[in-house]
Amino acid sequence: MMNIVKKIGQLHKRYEKKKTNVVLLWVPNKYISTSNLKNEKNVKVKVNTKNYILSLDEALYLSKEMGIKTTTEIQKMIMRSPPFSADTSPFLIDNFLCSENRNSDSDDIDQIDQKLKALGEKEENDKKDEKDAEKEKIKEGSLYGADNNNVDILSKVLIEKFNKKRAKTFIHNDMEWLEESEGIGTNKRSCAYVYIRRGSGIVKVNNQEDLYIRWPYFYNRTDVLEPFYLTNTACVFDVFIKLKGGGISGQSKAARLAIGRALLNACPFIYDELKEHDILYEDMRQKFPKMPGRKKSRAMKQWSKR
């Protein structure tokens, strides 16, 4: 018993440090009291020193020492910085307005404008001379003038009667392509209408929806974009797809067929490549309807013997 009492007494001993004047208690956690200490004033002074508020001058000085700069200071540094190359100086508004060679540059620009105007006037005069010469030949009643009149009339009739979109073409991979084309495709219960035009490879589904949102699965996206990969026309056309009915996989197959038909309409020379990979194959299979007395079209219900 005496030994136990001695140990408890040792736990309750208080030790004071001479330097810090802070009282330390060596007791178990459940016996620690939360009452105020004698040197509470000293503690408050220390807390106040930690929460010291800097003045404006002190804060600015410390920010400069730490390398913190405002946006205006950074902009001034960029404008006053040396050029990136030794030949040219950075473009500054002040230098542009106060440059030494400003007058000479303006003179050069004026000379260029005068040359362009002179070239334009020459072209206009040449066109007028050609028209006058044709009119004179027509007035003379020559056979050449009559033939030209007939050719002009025929060309006007042909342009009016035939599709005007066929006139807008461009060359890609040594082949002539239409700038605009369209196609229709179906699969299962879904149908797709595709309109392609020359662009940078934008794909939009139902006006504003993106490709990766409409078809989250990778294999559906490959189905839609496979015709462009096979014909080497990736990022050549902008694609606008309208879908209706069916599910995700059916819509992707329908869009694939519609894109293939649109590309074939734009350039008939790619028929063999599309035919090889079954791009133009239309899958006409449909789901057979449910039959009465059965689970599905063919599956029978479970038959119990008893």
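In UniProt numbering, the protein residues as written are 1 to 306. Each residue gets a CB set at the ideal place from its N, CA and C atoms; glycine is no exception. The structure displayed is predicted, hence computed values, not measured ones.
Range covered by the beta strand (DSSP E) that runs through residue i
i: residue 234; result: Here residue 234 belongs to no beta strand (DSSP E), and DSSP marks it neither H nor E.
i: residue 197; result: 190-198
i: residue 257; result: Per DSSP, residue 257 belongs to no beta strand (DSSP E); it is in the alpha helix (DSSP H), 248-266.
i: residue 181; result: 180-187
i: residue 202; result: Note, residue 202: premise wrong, no beta strand (DSSP E); not H, not E.
i: residue 169; result: 169-172
Distance CB(residue i)-CB(residue j) smaller than 7 Å
i: residue 220; j: residue 283; result: no
i: residue 266; j: residue 200; result: no
i: residue 280; j: residue 260; result: yes
i: residue 258; j: residue 183; result: yes
i: residue 273; j: residue 230; result: yes
i: residue 194; j: residue 262; result: yes
i: residue 223; j: residue 256; result: yes
Assigned exposure category for residue i - 16 Cβ within 10 Å defines buried
i: residue 190; result: buried
i: residue 45; result: Any reading at residue 45 is ruled out, since the residue's pLDDT is 46, under 50, leaving its predicted position unreliable.
i: residue 76; result: exposed
i: residue 289; result: exposed
i: residue 247; result: exposed
i: residue 154; result: exposed
i: residue 171; result: exposed
i: residue 241; result: buried
i: residue 185; result: buried
i: residue 270; result: buried
i: residue 225; result: buried
Sequence-distant residues of its chain with Cβ nearer than 8 Å to residue i (five each side left out)
i: residue 4; result: Summary for residue 4: the model assigns pLDDT 45, below 50, so the residue's position carries little reliability, and this model does not support an answer.
i: residue 301; result: 293, 294 and 295
i: residue 287; result: 188, 189 and 297
i: residue 285; result: 188
i: residue 62; result: 54
Neighbourhood of residue i by C-beta distance below 7 Å, restricted to the same chain and skipping five residues each side
i: residue 237; result: 196, 197, 198 and 199
i: residue 173; result: 232
i: residue 245; result: 189, 190 and 191
First through last residue of the alpha helix (DSSP H) which encompasses residue i
i: residue 65; result: 56-66
i: residue 275; result: 271-276
i: residue 228; result: 218-230
i: residue 279; result: Note, residue 279: premise wrong, no alpha helix (DSSP H); not H, not E.
i: residue 213; result: 211-214
Nonlocal neighbours in the same chain, by C-beta distance under 6 Å from residue i, ignoring five residues either side
i: residue 64; result: none
i: residue 291; result: 297
i: residue 239; result: 196 and 203
i: residue 227; result: 259, 260, 263 and 279
Taking 8 Å as the threshold, find out whether the region 195-206 comes into contact with the region 292-305 through three or more Cβ pairs. no
Three or more C-beta pairs under 8 Å: does that hold for the region 250-257 against the region 213-228? yes
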